[in-house]
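Chemist: For reference, the structure I am asking about is given below.
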Amino acid sequence: IEASIPEGQRAAWRKYSAQEFKTKDEFDAEVVKHIETTLARSLFNCDEAAAYAGTALAFRDRLIIEWNRTQQQQTNADPKRVYYLSLEFLMGRALDNAMLNTGMKDIASEGLKDLGFRMEDVISQERDAALGNGGLGRLAACFLDSLATLNYPAWGYALRYRYGIFKQEIIDGYQVEIPDYWLDFNPWEFPRHDVTVDVQFYGNVRKYTDDSGKQISVWENGEIVTAVAYDAPIPGYGTKTTNNLRLWSSKASHGEFDFTKFNSGEYEASVADQQRAETISAVLYPNDSLERGKELRLKQQYFWCAASLFDIVRRFKKSKKAWKEFPNQVAIQLNDTHPTLAIPELQRILIDQEGLEWDEAWSIVQKTFGYTNHTVLPEALEKWSVPLIQHLLPRHLQIIYDINLNFLQYVERNFPKERDMLSRVSIIEESQPKMVRMAYLAVIGSHKVNGVAELHSDLIKTTIFKDFVKIYGPDKFTNVTNGITPRRWLHQANPRLSELIASKLGGYDFLRDLTQLHKLESYVDDKEFRKEFQEIKYANKVRLAKYIKEANGISVNPSSLFDIQVKRMHEYKRQQLNIFGVIHRYLELKDMSPEDRKKVQPRVSIFGGKAAPGYWMAKTVIHLINQVSKVVNSDKDIGDALKVVFLEDYNVSKAEMITPASDISEHISTAGTEASGTSNMKFVLNGGLIIGTCDGANIEITREVGEDNIFLFGNLSEDVEDLRHHHFYGDFQLDPSLDRVFKTIREGAFGDAGQFSALVNSIVDHGDYYLVSDDFKSYLDTQKLIDEAYKNQEEWLTKTITSVARMGFFSSDRCIDEYAEMIWNVEPVKVQGQES
Ligand code: NTF
54 IEASIPEGQR AAWRKYSAQE FKTKDEFDAE VVKHIETTLA RSLFNCDEAA AYAGTALAFR
114 DRLIIEWNRT QQQQTNADPK RVYYLSLEFL MGRALDNAML NTGMKDIASE GLKDLGFRME
174 DVISQERDAA LGNGGLGRLA ACFLDSLATL NYPAWGYALR YRYGIFKQEI IDGYQVEIPD
234 YWLDFNPWEF PRHDVTVDVQ FYGNVRKYTD DSGKQISVWE NGEIVTAVAY DAPIPGYGTK
294 TTNNLRLWSS KASHGEFDFT KFNSGEYEAS VADQQRAETI SAVLYPNDSL ERGKELRLKQ
354 QYFWCAASLF DIVRRFKKSK KAWKEFPNQV AIQLNDTHPT LAIPELQRIL IDQEGLEWDE
414 AWSIVQKTFG YTNHTVLPEA LEKWSVPLIQ HLLPRHLQII YDINLNFLQY VERNFPKERD
474 MLSRVSIIEE SQPKMVRMAY LAVIGSHKVN GVAELHSDLI KTTIFKDFVK IYGPDKFTNV
534 TNGITPRRWL HQANPRLSEL IASKLGGYDF LRDLTQLHKL ESYVDDKEFR KEFQEIKYAN
594 KVRLAKYIKE ANGISVNPSS LFDIQVKRMH EYKRQQLNIF GVIHRYLELK DMSPEDRKKV
654 QPRVSIFGGK AAPGYWMAKT VIHLINQVSK VVNSDKDIGD ALKVVFLEDY NVSKAEMITP
714 ASDISEHIST AGTEASGTSN MKFVLNGGLI IGTCDGANIE ITREVGEDNI FLFGNLSEDV
774 EDLRHHHFYG DFQLDPSLDR VFKTIREGAF GDAGQFSALV NSIVDHGDYY LVSDDFKSYL
834 DTQKLIDEAY KNQEEWLTKT ITSVARMGFF SSDRCIDEYA EMIWNVEPVK VQGQES
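All residue numbers for the sequence shown refer to full-length UniProt numbering, where the first residue is 54 and numbers rise by one.
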């Protein structure tokens with residue numbers, strides 16, 4: 054049924070159509086209305102939380118008006134759309150972003166002042182939307198911001214987890230996980246109870262031959278779970294485009310509970326069904342770069358893929374175009390292998406439901422999907438057991454086998470002499486039990502595969518996907534180096550720096566074209582500019598120092614060199630290398646005379662990051678950092694020369710405060726392990742320098758900023774294999790400084806040594822897989838260079854300003870344009886301000 058208002062009544066409708074607030078007074082009217090009516094509070098009963106809620110609701114209304122307009126105009130234009138499938142979107146807070154992207158923050162600040170509130174206090178009331186683990190989820194969030202800003206017709210699809218990534222508390226030096234129930238009050242989402250999809254699990258496949266002699270497969274007798282859509286508006290910066298992030302929530306298909314069961318006395322069973330269904334979207338898996346093969350995780354993946362594809366296909370079918378047009382209307386990007394089931398799911402829809410022939414359907418599938426790989430770490434590559442898929446998704450397993458059969462026949466025909474290749478490239482690993490290799494399925498079902506930085510994109514072609522390069526040719530594989538949105542990571546996180554830049558570049562255009570930053574190079578020698586730049590860095594350090602005092606009770610001197618490593622805790626990221634370096638520094642300081650100690654460059658070593666709850670080694674490193682912090686900070690000999698801080702519960706909103714405050718940040722993964730890294734880009738853009746290995750995007754950052762403006766150290770990725778080999782044959786010498794650090798730990802200087810023995814032994818006895826010992830000396834030497842370089846503040850300042858000016862390449866806008874051109878073949882659709 055057409056639900057449109059008839060032409061005759063549209064005039065009245067238009068007259069009362071919702072309007073965005075445009076002035077401070079209109080804003081205040083909206084805020085007060087929401088506080089008094091939506092929230093049922095009054096001016097006698099309005100705290101900062103209520104002021105936040107009122108402000109957020111006023112902005113939500115505004116965004117939804119723009120969202121409606123965008124969707125309507127995009128529907129009319131019917132362009133090719135992009136669908137970004139990501140199990141994680143690490144969005145952080147939405148209010149500040151909404152105010153800045155709509156250009157209404159100043160008006161709102163003034164308005165709030167009239168009502169008796171300060172903007173910072175109101176903003177800080179919001180809790181983070183933390184539906185992600187780390188870099189992969191934050192990248193997806195930056196991409197949404199760029200897609201909207203660049204006016205691409207794009208949707209994100211994910212799950213509406215009731216619990217995001219856990220909150221980290223540090224108790225007695227240990228990480229403790231607290232559930233993150235974030236939906237108590239979430240003004241940014243719109244439940245769409247009318248947009249639902251029934252998703253099937255389990256059951257069986259019945260085959261029969263129809264009248265025309267065609268084989269038909271019917272997947273039936275399964276268990277149905279309903280997906281309900283929740284939409285979050287994504288405003289672009291300085292544009293009317295407001296895109297959509299659609300999150301699926303699971304519920305029992307029969308509503309509240311099963312009435313037949315209820316009426317026959319099985320009340321508990323009926324509620325249990327409901328809870329089982331709701332469990333699917335209950336919680337984000339808290340593992341970063343690690344796969345664990347749990348059935349519930351597979352259920353999440355299929356539930357989300359099936360609901361999203363149904364929605365995408367439903368939208369396509371409205372246009373009544375022929376199926377062969379599907380890839381001209383739809384581009385689906387797979388963010389890592391998590392959504393790979395979308396490939397057999399689309400094939401199933403096309404052949405089982407829409408009646409297409411296999412080959413025609415498969416060609417549509419391949420043209421539709423693109424796959425982004427984010428890691429070469431073996432423990433992160435997804436594999437699902439064949440029996441599990443058989444049980445949960447019997448029809449999909451058949452389709453996967455058929456995809457594999459066709460693929461292997463193709464390989465056999467084209468590479469008849471390479472018999473070994475067949476077992477190597479098969480989607481099915483012949484293990485006990487058999488496993489489905491999701492990355493191979495993703496490669497085979499997509500038309501493009503990309504890595505996320507140059508080195509990483511080269512590595513996937515020579516390691517995990519080597520055979521596939523031979524089979525498909527090199528053009529199927531490409532690189533799109535990651536980027537970050539300058540709106541959140543400069544304008545929002547560092548408003549004073551953004552303003553200073555705008556004052557020199559003639560406005561805020563650089564936020565939409567970050568390459569304009571290069572014009573800052575002509576201010577490198579400008580005294581006034583330098584002074585302001587330096588003052589801003591200092592103010593950001595003061596702000597962080599104040600936070601450290603409040604949160605940790607540690608006093609740090611803002612004039613010290615701030616050395617920061619914040620990211621998920623992982624052995625490959627080598628926080629252990631950093632803390633061992635800190636212990637070495639402490640020992641050196643203890644060796645010195647008090648006079649000599651006064652001459653050293655004071656330093657604050659700051660750490661932050663969560664460990665996956667089951668990752669024991671990563672938790673041990675957190676514990677060691679906290680123990681070292683206790684010992685060093687309370688040592689009277691040391692004073693300001695060295696302070697060690699572990700910041701609890703690192704998340705997006707803390708990153709916004711921490712990132713602008715670094716002098717040096719650490720990106721020190723074993724070469725070849727960090728696919729890209731994105732915080733490296735954020736720190737440099739905010740006027741900090743990097744100590745890093747030749748890994749991931751560090752290499753391209755070096756190319757852009759120049760070798761003089763970055764501190765690189767350590768072995769290269771091409772040497773890693775050999776070095777590991779030497780360790781394996783016991784053919785290596787433990788670095789003597791590291792040996793001394795280990796002795797100190799073993800003597801109990803940082804508490805019970807037994808706690809740290811596995812960590813030390815992983816290096817001393819168990820092959821030092823991450824080559825901590827091999828890189829230790831060059832790490833320490835480079836830290837020495839940094840101490841020296843920092844003493845010359847004028848030169849340091851020149852380096853930081855020059856680096857900021859050269860960071861234009863790392864905007865996520867550049868990435869999105871590359872994806873749009875090389876992979877998606879989509880064009881922007883400009884949304885008009887007035888209703889069309
Ligand atoms: C991460 N991958 C990489 O480890 C980071 O280097 C990279 O910056 C981000 O992706 C974004 O591309 C993963 O989290 C995963 F899951 F693939 F291991």
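Glycine included, every Cβ here is placed at the ideal spot set by N, Cα and C. Here the structure is a predicted model, which means the values were calculated and not measured.
#1: Taking PRO392 as part of the beta strand (DSSP E), name the residues at either end of that continuous run.
#2: Write down the C-beta distance between MET860 and LEU738 rounded to the nearest angstrom, noting that I regard them as a contact closer than 8 Å.
#3: Does the beta carbon of GLU465 sit closer than 8 Å to a beta carbon anywhere in chain C?
#4: Just list the residues that DSSP pairs GLY61 with in beta bridges.
#5: Decide if ARG115 is buried, meaning its Cβ has at least 16 other Cβ atoms within 10 Å, or exposed.
#6: Between SER199 and the ligand NTF, is the CB less than 7 Å from at least one heavy atom?
#7: Give the secondary structure of HIS307 by DSSP, where H, G and I count as helix, E and B as strand, and everything else as coil.
#8: Have a look at VAL838 and ASP284 and give me their C-alpha separation to the nearest angstrom.
#9: By how many angstroms is the C-alpha of VAL681 removed from the C-alpha of LEU824?
#10: Report the option in ALA495, PHE518, ILE589 and ALA325 whose CA atom is closest to the CA atom of VAL418.
#11: Beta carbon of GLU273, beta carbon of ARG259: below 8 Å?
#12: If I measure Cβ to Cβ from ASP181 and keep anything under 8 Å in the same chain, skipping five residues before and after, which residues do I get?
#13: Going by CA-CA distance only, name the one from ARG367, LEU138 and VAL879 that's closest to ASP388.
#14: Does DSSP classify TRP120 as helix, strand or coil?
#15: The alpha helix (DSSP H) with VAL595 in it runs from where to where?
#16: For TYR205, name the three-state secondary structure that DSSP assigns.
#17: Who are ARG540's beta bridge partners in DSSP?
#18: Looking only at its chain, what residues have a beta carbon closer than 8 Å to the beta carbon of SER889, apart from the 5 residues adjacent to it on each side?
#19: If we ignore side chains and look at the alpha-carbon of each, how far apart do residue 30 and LEU543 end up?
#20: If ALA375 and ASN878 are in contact, beta carbons under 8 Å, what's the gap, nearest whole angstrom?
#21: Between residue 905 and THR726, what straight-line distance do the alpha-carbon atoms span, to the nearest angstrom?
#22: Under the assumption that GLU701 contacts ILE223 (Cβ atoms under 8 Å), give the Cβ distance between them as a whole number of angstroms.
#23: With DSSP run on the structure shown, which of helix, strand or coil describes VAL324?
#24: Along the beta strand (DSSP E) that carries VAL250, what are the first and last residues, could you check?
#25: Assuming PHE356 contacts VAL252 (C-beta within less than 8 Å), just tell me the rounded distance between them.
#26: Under a Cβ-count criterion, where at least 16 other Cβ atoms within 10 Å of its own Cβ denotes burial, should ILE54 be classed as buried or exposed?
#27: Where ASP834 and PRO232 are concerned, what is the direct C-alpha to C-alpha distance, given to the nearest angstrom?
#28: What separation, rounded to the nearest whole angstrom, lies between the Cα atoms of GLU774 and SER826?
#29: Would you mind sorting ASP412 into buried or exposed? The rule is 16 or more other CB atoms within 10 Å of its CB.
#30: Kindly examine the ligand NTF and report whether one of its heavy atoms sits closer than 7 Å to the Cβ of ALA295.
#31: Could you tell me the distance, in whole angstroms, from the CA atom of PRO527 to the CA atom of THR712?
#32: Starting from SER718, trace the alpha helix (DSSP H) both ways and give me its first and last residue.
#33: Looking at the secondary structure, which residues open and close the beta strand (DSSP E) in which SER770 lies?
#34: Determine the direct distance from the alpha carbon of PHE803 to that of LYS158, and round the result to whole angstroms.
#35: Report all residues from its chain with a CB closer than 7 Å to the CB of SER95; omit the five preceding and five following residues, and keep chain order.
#36: Give the straight-line distance between the Cα atoms of LEU343 and GLY667, rounded to the nearest whole angstrom.
Modeler: Quick look at the numbers:
#1: It is not in any beta strand (DSSP E) - PRO392 carries neither H nor E in the DSSP assignment.
#2: About 5 Å separates the beta carbon of MET860 from that of LEU738, a gap short enough to meet the 8 Å contact definition.
#3: Chain labels in this structure do not include chain C; a single protein chain is all it has.
#4: As DSSP reads the structure, GLY61 sits in no beta bridge.
#5: A residue is called buried once 16 or more other Cβ atoms fall within 10 Å of its Cβ, and ARG115 is buried on that count.
#6: Flag unset: Cβ of SER199 not near the ligand NTF.
#7: Here HIS307 sits in coil by DSSP.
#8: Position check: residue 838 holds Leu in this sequence, whereas Val was assumed. In a straight line, the C-alpha of LEU838 is about 50 Å away from that of ASP284.
#9: LEU824 and VAL681 have their C-alpha atoms roughly 22 Å apart.
#10: In terms of CA proximity to VAL418, ALA495 leads the group ALA495, PHE518, ILE589 and ALA325.
#11: Yes, the Cβ-Cβ distance between GLU273 and ARG259 is below 8 Å.
#12: Cβ neighbours of ASP181 beyond the five flanking positions: MET144, GLY145, ARG146, GLY217, TRP235, ASN704, VAL705 and SER706.
#13: It is Asn, not Asp, that sits at residue 388 in the sequence shown. Looking at the Cα atoms, LEU138 is the closest of the given residues.
#14: Correct three-state label for TRP120: helix.
#15: Where VAL595 is concerned, the enclosing alpha helix (DSSP H) stretches over 580-605.
#16: Of the three classes helix, strand and coil, the one that applies to TYR205 here is coil, per DSSP.
#17: Its beta-bridge partners do not exist; DSSP assigns none.
#18: Low local confidence applies: a pLDDT of 35 at SER889 is under 50, so the model's placement there is unreliable, with the coordinate-based value given in what follows. Excluding five sequence positions before and after SER889, the CB atoms of its chain that fall closer than 8 Å to its own CB belong to GLN125, GLN126 and ASN129, given in chain order.
#19: Here the chain covers residues 54 to 889 and nothing more, so residue 30 does not appear.
#20: The pair is not a contact, with the Cβ atoms about 18 Å apart (cut-off 8 Å).
#21: For residue 905 there is no data in the structure shown, the boundaries of the chain being 54 and 889.
#22: Going by Cβ atoms, the distance from GLU701 to ILE223 rounds to 5 Å, so yes, they are a contact pair.
#23: It is helical.
#24: DSSP places VAL250 in the uninterrupted beta strand (DSSP E) bounded by 243-254.
#25: The pair is a contact, with the Cβ atoms about 5 Å apart (cut-off 8 Å).
#26: Residue confidence is low: ILE54 scores 43 on pLDDT, short of 50, so the model does not pin down where it sits. Its coordinate-derived value is still stated next. The Cβ neighbour count for ILE54, taken over all protein chains shown within 10 Å, is under 16; the residue is labelled exposed.
#27: Roughly 42 Å separates the two Cα atoms.
#28: So the two alpha carbons sit approximately 15 Å from each other.
#29: Burial check for ASP412: the Cβ neighbour count within 10 Å stays below 16, so the residue is exposed.
#30: Ala is not the amino acid found at residue 295; the sequence shown has Thr there. Because no heavy atom of the ligand NTF lies under 7 Å away, the Cβ of THR295 does not count as near it: no.
#31: When the Cα atoms are used, PRO527 and THR712 turn out to be separated by approximately 38 Å.
#32: For SER718, there is no enclosing alpha helix (DSSP H); the residue is found in the beta strand (DSSP E) stretching over 717-720.
#33: For SER770, no beta strand (DSSP E) encloses it; the enclosing alpha helix (DSSP H) starts and ends at 770-781.
#34: Approximately 48 Å, taken between the alpha carbons.
#35: The residues are GLU89.
#36: Roughly 10 Å between the two C-alpha positions.
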